[in-house]
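Each remark here refers to the structure printed beneath this line.
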Amino acid sequence: METFWQDVRFAARMLAKSPGFTAVAVLTLALGIGANTAIFSVVDAILLRRLPVDAPEHLVVIHNQLPKVNLPRTEISALQFRDYADRTDVFESAAAITFRNYNLTGTDQPQRLLGMRVSASLFPLLGVHPVAGRVFTAAEDAYGAQHVVVLSQNVAERMYGSAQGSIGKRLQLDGESYEIVGVLPRALEVIYADVEFWTPMAFTPRELNEERRWSLTFEMLGRLRRGVGLAAARATMATMAARMNGSMDSSMGAFGIEVRPFVEEHVGDVWQPLYILLGAVSLVLLIACANIANLLLARGSARSRELAIRGAMGAARSRIVTQLLTESLLLAVLGGALGLLIAEWGCQLLIRMAPANLLRTAAIGLDPAVLLFTLAVSVVVGVLFGLAPALEAARKDLAGALKEGGRGTPEASGRQGLRRALVISEIALAIVLLICSGLLLRSFEKLLEVKPGFDPTNVLTAQVSLPRTKYTDEAKIASFSDALLARVSSLPGVLHAAMADQPPLTPGTDNSVFSIRDYHPGPKDPQPHADTIYTTPDYFAAMRIPLLQGRTYLESEMRPNRGPIGEGSVVVIDEALAKIFWGRESALGKQLGWGDKGPWATIVGVVGTVRSDDLAEESKGTIYFPYHAPGMTLVVRTGSDPRPFVAAIRQQVQGVDSDQPVYDVKTMAERVAASVERRRFSATLLGLFAALAFALALIGLHGVISYLVAQRTHEIGVRMALGARPVGVLRLVLSQALGMAAAGVVIGLIAGFFAARLLANQLYGVQPVDPATFLVVPTLLTAASLAASSIPAWRATRVDPLVALRYE
6 METFWQDVRF AARMLAKSPG FTAVAVLTLA LGIGANTAIF SVVDAILLRR
56 LPVDAPEHLV VIHNQLPKVN LPRTEISALQ FRDYADRTDV FESAAAITFR
106 NYNLTGTDQP QRLLGMRVSA SLFPLLGVHP VAGRVFTAAE DAYGAQHVVV
156 LSQNVAERMY GSAQGSIGKR LQLDGESYEI VGVLPRALEV IYADVEFWTP
206 MAFTPRELNE ERRWSLTFEM LGRLRRGVGL AAARATMATM AARMNGSMDS
256 SMGAFGIEVR PFVEEHVGDV WQPLYILLGA VSLVLLIACA NIANLLLARG
306 SARSRELAIR GAMGAARSRI VTQLLTESLL LAVLGGALGL LIAEWGCQLL
356 IRMAPANLLR TAAIGLDPAV LLFTLAVSVV VGVLFGLAPA LEAARKDLAG
406 ALKEGGRGTP EASGRQGLRR ALVISEIALA IVLLICSGLL LRSFEKLLEV
456 KPGFDPTNVL TAQVSLPRTK YTDEAKIASF SDALLARVSS LPGVLHAAMA
506 DQPPLTPGTD NSVFSIRDYH PGPKDPQPHA DTIYTTPDYF AAMRIPLLQG
556 RTYLESEMRP NRGPIGEGSV VVIDEALAKI FWGRESALGK QLGWGDKGPW
606 ATIVGVVGTV RSDDLAEESK GTIYFPYHAP GMTLVVRTGS DPRPFVAAIR
656 QQVQGVDSDQ PVYDVKTMAE RVAASVERRR FSATLLGLFA ALAFALALIG
706 LHGVISYLVA QRTHEIGVRM ALGARPVGVL RLVLSQALGM AAAGVVIGLI
756 AGFFAARLLA NQLYGVQPVD PATFLVVPTL LTAASLAASS IPAWRATRVD
806 PLVALRYE
């Protein structure tokens with residue numbers, strides 16, 4: 006141990022003698038380690054950290070699969086939940102859940118709260134215990150039972166000051182009184198980030214009606230029985246689905262049952278971009294290590310006489326290697342310490358940059374696991390960049406080094422080869438990162454060029470949801486909608502006002518199976534299905550969705566009492582649906598319905614295609630119904646910036662119903678921007694890492710060329726004394742730089758070809774082998790390499806032959 010601390014003290018003294026070298030090395034490492042730590046903190050918080058529930062590896066989520074209507078994963082109905090949950094040979098316990106918004110009244114201002122209806126079995130299934138009070142019982146999870154609610158810890162503390170202080174209090178939710186019986190811990194926010202309270206599922210008789218078997222609105226969470234693996238569960242449920250397919254007739258075609266791990270469901274599709282970013286930042290660190298290794302090789306050459314003297318005085322080669330490695334490790338630890346400061350700043354930046362729908366961002370930070378990761382990375386990179394220079398320095402011929410006396414004689418070819426290999430590897434890694442970054446940026450650019458099918462300029466959207474307890478029928482809903490639209494339309498500066506059950510670019514748009522009169526699909530033909538949107542007549546003008554054929558529906562064609570389909574009802578469809586089923590034939594006058602026997606609605610117009618869920622997703626076809634839905638989005642087009650209209654619109658809503666909150670108020674431009682947030686996040690970060698890698702690779706190339714010129718000063722002097730012209734010397738130096746750059750580019754292009762294929766499902770409108778990207782990146786790096794080498798090359802032409810010969 007004494008020897009170790011002696012080596013540490015000696016390493017510290019040696020580094021202190023070269024403050025310039027030490028500062029450059031520590032800063033380079035700090036950037037690489039800090040970036041790695043920041044990205045790892047995101048990966049750890051979102052992907053690696055254990056969920057705060059009992060044995061999450063035994064939890065599964067059950068979905069229906071409906072391939073005939075292009076729904077590979079969808080919810081289940083109340084009746085299906087009961088059927089699936091009865092499989093006690095598979096599930097130890099099961100719970101049904103569904104998200105539901107409630108209007109909170111009885112406070113200073115009406116509020117909209119996000120809640121969940123859940124089975125009473127959910128909390129024991131998760132192993133979650135309340136911090137105050139209790140969870141609800143099975144008796145309370147029954148239709149007609151007393152209304153009870155369990156709050157989140159944040160809501161309880163915000164409204165009542167403490168969790169315990171909320172117990173026994175009552176809330177007015179959707180006009181009905183609920184007793185607060187418990188408060189759940191803050192840890193549950195990791196799973197249900199924005200949920201503010203939970204109410205009993207209490208299936209209604211309507212939900213349990215056989216006619217509602219395919220009303221798919223619930224999710225099922227199950228805990229597998231001990232000894233039942235995922236494969237066995239999937240096999241059992243597949244057998245059950247096959248048996249049910251044989252005994253029932255569904256308009257949606259044959260269905261399957263998917264058993265998916267809960268952890269996988271929770272993470273979703275975010276894992277791939279996060280691991281791509283972690284891989285990218287790891288390549289940046291490798292480039293930084295190659296740079297430091299080159300600096301250490303240069304330092305080793307400068308210290309060759311010192312090391313030779315120590316060897317001549319009896320120091321074993323192993324001791325010299327150990328001391329040099331200790332210097333490297335001390336550099337790495339210093340870089341890691343400074344990297345933690347950079348990582349802390351980086352974490353805060355990542356939290357601000359993160360998309361709103363990225364889960365668990367609040368957990369991003371420097372926790373013990375992240376600190377341990379930083380320590381491990383520091384040690385590994387210290388060995389990584391220090392081992393080769395240490396071994397190379399220890400192998401140097403002692404007698405030769407003593408004879409050289411520190412003069413500028415050329416390096417051994419092996420050491421020069423190692424230096425060149427390091428630079429080539431830096432350039433190759435930078436090429437890989439630049440290609441991947443270029444592909445994502447090109448993809449993002451293509452996505453921004455997509456026309457959404459409407460004009461988002463000067464459009465404001467606001468959510469309004471009417472409680473069924475107060476608005477008990479469609480006539481009352483229509484009355485509220487008509488009154489509000491009349492008020493908002495009369496505001497100065499408002500051009501159009503309309504209602505829709507949800508605005509464009511909203512994930513989870515309703516997708517419904519429908520029938521076409523006199524159209525009978527074969528057994529292998531897909532069942533007609535389309536997105537369904539309920540709107541008021543002025544919606545198309547408010548959104549500036551172009552009318553291509555026919556007309557839109559009229560105010561007199563709204564159906565407040567008999568639902569969206571009835572005798573004499575009309576619909577409007579989009580161009581995508583018209584092309585799917587009628588091609589070049591006109592769709593006007595054709596009839597649609599929910600069953601083979603009607604009633605039928607007549608198509609009176611065809612409008613332009615709108616991207617319903619995501620800009621990157623082609624429309625599956627959309628049907629617009631003239632119908633007032635209880636959950637509605639107010640769409641207002643103004644003659645100028647719509648944001649100043651927010652207060653006035655809230656006043657108009659309050660003027661119609663003082664208990665009605667307005668929430669999720671956004672401009673349509675903000676919704677468009679939010680739909681590409683995740684892609685922007687990935688493309689921006691990968692672009693930053695690629696730029697850092699690019700800069701480090703050029704710095705490394707510049708350093709090596711500068712060092713080679715210094716080492717060959719005598720040779721260059723001799724050449725010039727013998728008549729070599731400056732342009733020949735310039736060509737000699739630049740050819741060395743171009744040789745390294747060319748080798749790195751070739752290797753990088755080969756590696757980039759395979760790396761790009763890993764990005765395939767992250768790209769939109771761009772092929773993994775994009776000619777523009779694969780042409781621009783190597784051209785850019787080659788030109789930059791020439792620029793980085795030009796200064797040392799120019800210095801070589803300024804060598805005075807007499808000075809160079811005297812130097813020898």
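For the sequence shown, the numbering used here assigns the number 6 to the initial residue and increments by one for each residue that follows.
Using N, Cα and C, we set each Cβ at its ideal position, and we do this for glycine too.
Apply the 10 Å Cβ neighbour rule to residue i and answer buried if 16 or more other Cβ atoms are within range, or exposed otherwise.
i	result
E194	buried
R228	buried
D91	exposed
W605	buried
R365	buried
G422	exposed
R724	buried
N69	buried
E62	exposed
V385	exposed
L128	In the sequence on display, residue 128 carries Phe and not Leu. Buried, since its Cβ has 16 or more Cβ neighbours within 10 Å.
V47	buried
So for residue i, helix, strand or coil by DSSP?
i	result
P205	strand
I325	helix
K481	helix
T778	helix
Q772	coil
A368	helix
A702	helix
F260	coil
P647	coil
E184	strand
I196	coil
Y107	strand
P77	strand
G227	strand
R248	helix
Y280	helix
L471	coil
Y148	coil
H707	helix
V13	helix
L620	coil
T414	Residue confidence is low: T414 scores 47 on pLDDT, short of 50, so the model does not pin down where it sits. Its coordinate-derived value is still stated next. Three-state DSSP puts T414 in coil, outside helix and strand.
Y524	coil
P61	helix
Do you know how far the Cα of residue j is from the Cα of residue i?
i	j	result
Q11	V326	14 Å
S171	Q659	28 Å
V58	Y148	28 Å
A777	G770	13 Å
Q328	A702	28 Å
Q3	A150	The structure shown does not extend to residue 3, since the chain spans only 6 to 813, so no value can be given for it.
S795	L354	36 Å
A488	R616	30 Å
I440	A748	16 Å
T784	A236	50 Å
A426	L335	25 Å
L706	L446	26 Å
S287	E263	36 Å
S220	A99	19 Å
K73	F45	41 Å
L839	T112	Since the first residue of the chain shown is 6 and the last is 813, residue 839 is not available in this structure.
Could you please give me the residues that DSSP links to residue i through a beta bridge?
i	result
D536	N516, T627
D579	V612
S98	R228
My guess is that residue i and residue j are in contact by the Cβ rule of under 8 Å, so how many angstroms apart are they, rounded?
i	j	result
M249	I81	Contact doesn't hold; Cβ gap of about 12 Å is too wide.
F449	R762	That pair is no contact at about 19 Å.
I608	L597	7 Å
E562	V575	5 Å
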